[in-house]
Every structure is written in C-alpha cells, then in structure tokens.
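Notes follow once the structure below has been shown.
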Ligand SMILES: [Zn+2]
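Structure, rendered in structure tokens:
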C-alpha cells in the first residue's frame, strides 16, 4: 500500500525517507508507543519498501506489484525475518534468536540476519513483543546489535522504552508512535469493518487512539463495563458496595483462559488511567472539549473540588494512576488477579482521600 494509507505517523515516514535518501539509515530501531496504533503495520510497510525490487535504492515507497512486495505482503519473503512471542509464553524463547541447543548460532534470527540476502538488497528483521524479551533473550541479541551485518535492518517493537532492558535501548534508535487521532481511528475502523452494532462515532472517542482498544470494546459488555466503571471511579470509592465482585465478574467474563483474564484486568486498568488522566487534564481547563462522553460525564460527577488546593488534588489523581500502573504490572507478572484487583480498588479510594502516601515508593521497588 502507499504510505499515505498509514495514518497518524507522517513524521516517522519522513524521518525514514530522509535518512535513507541521505544514506544515514541506522541499523537497529526500537519502535515504542501504545498498543494498536500501527507500529507493526509501519514496520512491515517499511520492510516492503526496503525490499521492493522495483523502486529506487534510496526509496522506501513499495511498488506493491513486484515479487518481493508480494512476498512481504504474504509474509513469505526470505529476507524478512519475523519473531514474536508465541501464544501462552511469558517471554520470547531464546531459541528464536540463536537456535535450539542442537543448533546454537546455526539457526534463529541472529544467524539468519547475517546470511547474504536472497534478493541481493538487504535483510530486515522485526521483533514484535519486545516488551517480552527477558535477559537471556536480550543478551543473545547483543552481538547482532553491536556488530549488525551490513545492509541489515532490525526493528524491535514495544510499548515504551521503560519496558525494555537498557542494553537494548542504548543500542537502538528510538522511534516514538503516538496514539491515533479520533478521526484516524474512525477512518481505520471504517476500513476494517468490525462486526458490531456499536457505531464508529461511539467507538472512536472511546478507543484512546488505539485500534486494538477499539476491537476490545466491541466484545460483549466491555463498553458498558467501561462506562459504568468510569462512574464508579467518579464516586472516589470504587471498592464500596461490593464493587470488587463486579470487577472480578468482568475479568472472569473473558473466559477460562488465564491470559485472557489477565488482559481484562489490564484493560480495566487502562480504563481507569483514561479517566484519571482526563480528570487531571480537566483541572487545568485543558482537554475539556476533546474528551469522550463517558469520561466527560464521569468527570462532571466527581465532587466539587473548587475549595481544595488544585495541586493536592492533582497529586491524589497522580497517585491513582501510579496505583493502577502498579496493579497492571503485578497482573502481568502473574500475581493473582483477585488479590491485585481488591488491593487496587481499595488503594484508589485511599489515594482519593489523601490517605495513600506509599504508592510512589511501592512503584519504585
Ligand atoms: Zn515492489
């Protein structure tokens, strides 16, 4: 496809086009940004442009027609290496980088990227889910990052620099991807034609700029849960009236699969962060018009804080966000959802009342 079809990341497109034209393309990139904003699509488009047989050597525009382009689209190009976390695995297995024990350094990404390109142009490797690189996996990559084979490009994709090991970040050029605008989300949702009764005009503002989030919102009861959870958060005591049970019911609604349940708990955290960050922005008068209706009406339901010191309120809201990030981190490291969620909702109430003083310290530990 044409680069114009990649929405919301024009600056990054210009950056790559310019550096290739000037022959100053780095060899290792770390793409960071929220899930579902198009980082992987961008990486594949770039790979296609770099491997295309018909375009000029200094162009990232793919022709879409040549055998190389067709192979990238079909994920069968011999010079495109793709690695991601297999379903159900906590980390990307080191074997995918350096081969299994019988074939150490004879197979895997680090070996394959050093082979002569089949098409004669270059090798491109994409590591998706870089958030799930463990120390062993990252160490196995170091030699390749330090001495990248000539004409090779390696792209790691993760959600933030903070999630990556410093050994990776220090050897990569970091490329940031921002959330998509509501308009771009609406355009993309129109293209992919989700099977849902929920109108795009309702989904786009609720998506937080993420297509992945929009896809989750169309699952049964998720949008309703989100909107009612926002109102619950506005009450400032989300653990009251047995709400923890409702929350756990929502998490269990993901089905029997444990990782799907963890995703639900993390999603609930994302909804909370969405509410708190908009509330924080509204304290300074920013953001009032661009806000999603559910968040906006929930913020209107929060108690009047005009008698309070705005800084103090801001600190409490920031603590709510920190507490939420901490809960998500616990869930991702397989702490029991029930315990983590119960403690989280209770701590949100304490933070709102100004009774939570240790959230930041806990986060650092
Ligand atoms: Zn082509």
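In full-length UniProt numbering, the protein residues as written are 1 to 365. Even glycine gets a Cβ: it sits at the ideal position worked out from N, Cα and C.
| Query | Result |
| --- | --- |
| Under a Cβ-count criterion, where at least 16 other Cβ atoms within 10 Å of its own Cβ denotes burial, should residue 62 be classed as buried or exposed? | buried |
| According to DSSP, residue 152 sits in a beta bridge with which residue or residues? | 123 |
| Is it a yes or a no for the segment 49 to 67 touching the segment 193 to 207, going by three-plus beta-carbon pairs under 8 angstroms? | no |
| Does the Cβ-Cβ distance between residue 189 and residue 172 come in under 8 angstroms? | no |
| Measuring CA to CA, which of 302, 238 and 334 is closest to residue 280? | 302 |
| Heavy atom of ligand 1 less than 7 angstroms from the Cβ of residue 66, yes or no? | yes |
| At a cut-off of 7 angstroms, would you count residue 62 as near ligand 1, judging by its Cβ distance to the nearest heavy atom? | yes |
| Taking the Cβ atom as the reference point for each residue, do residue 70 and residue 3 lie within a distance shorter than 8 angstroms? | no |
| Say the cut is 7 angstroms; is the CB of residue 55 nearer than that to a heavy atom of ligand 1? | yes |
| For ligand 1, any of its heavy atoms closer than 7 angstroms to the Cβ of residue 320? | no |
| What is the C-beta distance between residue 407 and residue 40, in whole angstroms, given that I count them as a contact (C-beta under 8 angstroms)? | Nothing about residue 407 can be reported from this structure: the residues present for the chain run from 1 to 365 only. |
| Please classify residue 135 as buried or exposed, where buried requires at least 16 neighbouring CB atoms within 10 angstroms. | exposed |
| Excluding five sequence neighbours on each side, which residues of the same chain lie with their C-beta closer than 6 angstroms to the C-beta of residue 169? | 161 |
| Can you tell me where the beta strand (DSSP E) holding residue 176 begins and where it ends? | 173 to 176 |
| Considering only their Cβ atoms, is the gap separating residue 234 from residue 349 smaller than 8 angstroms? | no |
| Identify the continuous beta strand (DSSP E) that holds residue 29 and give its terminal residues. | 28 to 32 |
| Would you kindly check if the distance between the Cβ of residue 114 and the Cβ of residue 107 is under 8 angstroms? | no |
| Quick one: measure Cβ to Cβ for residue 341 and residue 265, integer angstroms, because I've assumed they're closer than 8 angstroms. | 6 angstroms |
| Comparing the CB of residue 69 with every heavy atom of ligand 1, is any distance shorter than 7 angstroms? | yes |
| Ordered along the chain, which non-local residues of its own chain (more than five positions away) have a Cβ less than 8 angstroms from that of residue 338? | 248 |
| Mind checking who residue 83 pairs with in its DSSP beta bridge? | 127 |
| Cβ of residue 52 versus every heavy atom of ligand 1: is any distance shorter than 7 angstroms? | yes |
| Could you work out which residue in 79, 110, 80 and 87 is closest to residue 94 when comparing CA atoms only? | 110 |
| Alpha helix (DSSP H) containing residue 110: first to last residue? | 109 to 112 |
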